[in-house]
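Note that numbering that gives the first Met the number 0 numbers the sequence shown so that position 93 is 92, with each residue one more than the last.
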Amino acid sequence: MRHENCWQPVQSTNTQSATKHCYLSILEKRKEESMRIRSKFQDRIPVICERVEDSDIPNIDKRKYLVPSDLTVGQFVYVIRRRIHLPSEKAIFIFVKDILPPTTALMSTIYDQYKDEDGFLYIVYSGENTFGELCQV
0 MRHENCWQPV
10 QSTNTQSATK
20 HCYLSILEKR
30 KEESMRIRSK
40 FQDRIPVICE
50 RVEDSDIPNI
60 DKRKYLVPSD
70 LTVGQFVYVI
80 RRRIHLPSEK
90 AIFIFVKDIL
100 PPTTALMSTI
110 YDQYKDEDGF
120 LYIVYSGENT
130 FGELCQV
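Shown next, in the form of structure tokens:
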């Protein structure tokens, strides 16, 4: 998954230590953000959705979503289709940690099983089934 770049200069001569510090600093900020979102919107799931690199379908105009807990994966796919203006004859697949979740699964179930350590659920979409593994929920 892609995460924000660390823009703060890190005072360290050890590159590995500097990179780890940068990652932990950003991780803490993302954790705080997801906790704030979850406490304010308890019936919503914080989702970050991005296109798979080299995919043949359009990029999405918005990456961050607050998804209702009772929304199904299929309904979320419909939201994505509409945001990228994808014609109905064009296929779209979404993946969570390289898994193709069932369209009938609730987003809350997917969140509980696959949320990142920062508290966000990371979803990628593609015009083709690039990973191919089905999830059993």
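Even glycine gets a Cβ: it sits at the ideal position worked out from N, Cα and C.
message = What would DSSP say about residue 125, mapped onto helix, strand or coil?
response = strand
query = Helix or strand or just coil, what does DSSP make of residue 62?
reply = coil
inquiry  = Can you find the residues in the same chain that come closer than 6 Å, C-beta to C-beta, to residue 0, ignoring five residues on each side of it along the sequence?
reply    = Confidence is the limiting factor: at residue 0 the pLDDT is only 44, short of 50, which leaves the residue's position unreliable, though a coordinate-based value still follows. These residues qualify, in order along the chain: 121.
request  = Enumerate in chain order the residues of its own chain whose CB-to-CB distance from residue 84 is below 8 Å, with the five nearest sequence positions on each side excluded.
outcome  = 57
query = Taking just the CA atoms, how far does residue 79 sit from residue 69?
reply = 17 Å
request  = With a threshold of 16 other CB atoms inside 10 Å of the CB of residue 105, please say whether the residue is buried or exposed.
outcome  = Buried: at least 16 other Cβ atoms inside 10 Å.
message = Please state the DSSP three-state secondary structure of residue 116.
response = coil
request  = Starting from residue 94, follow the beta strand (DSSP E) in both directions and report where the run begins and ends.
outcome  = 92 to 94
ask   = Sorted by chain position, which residues of the same chain lie with C-beta nearer than 7 Å to residue 60's C-beta, five sequence neighbours on each side aside?
value = 82
Where the alpha helix (DSSP H) containing residue 51 begins and where it ends = Per DSSP, residue 51 belongs to no alpha helix (DSSP H) and is neither H nor E.
message = Less than 8 Å between the C-beta atoms of residue 98 and residue 124, yes or no?
response = no
ask   = With 16 other CB atoms within 10 Å as the buried threshold, where does residue 33 fall?
value = buried
inquiry  = If the criterion is Cβ atoms closer than 8 Å, does the pair residue 29 and residue 49 meet it?
reply    = No, these two residues do not count as a Cβ contact at 8 Å.
request  = Could you check what DSSP says for residue 36 in three-state terms: helix, strand or coil?
outcome  = helix
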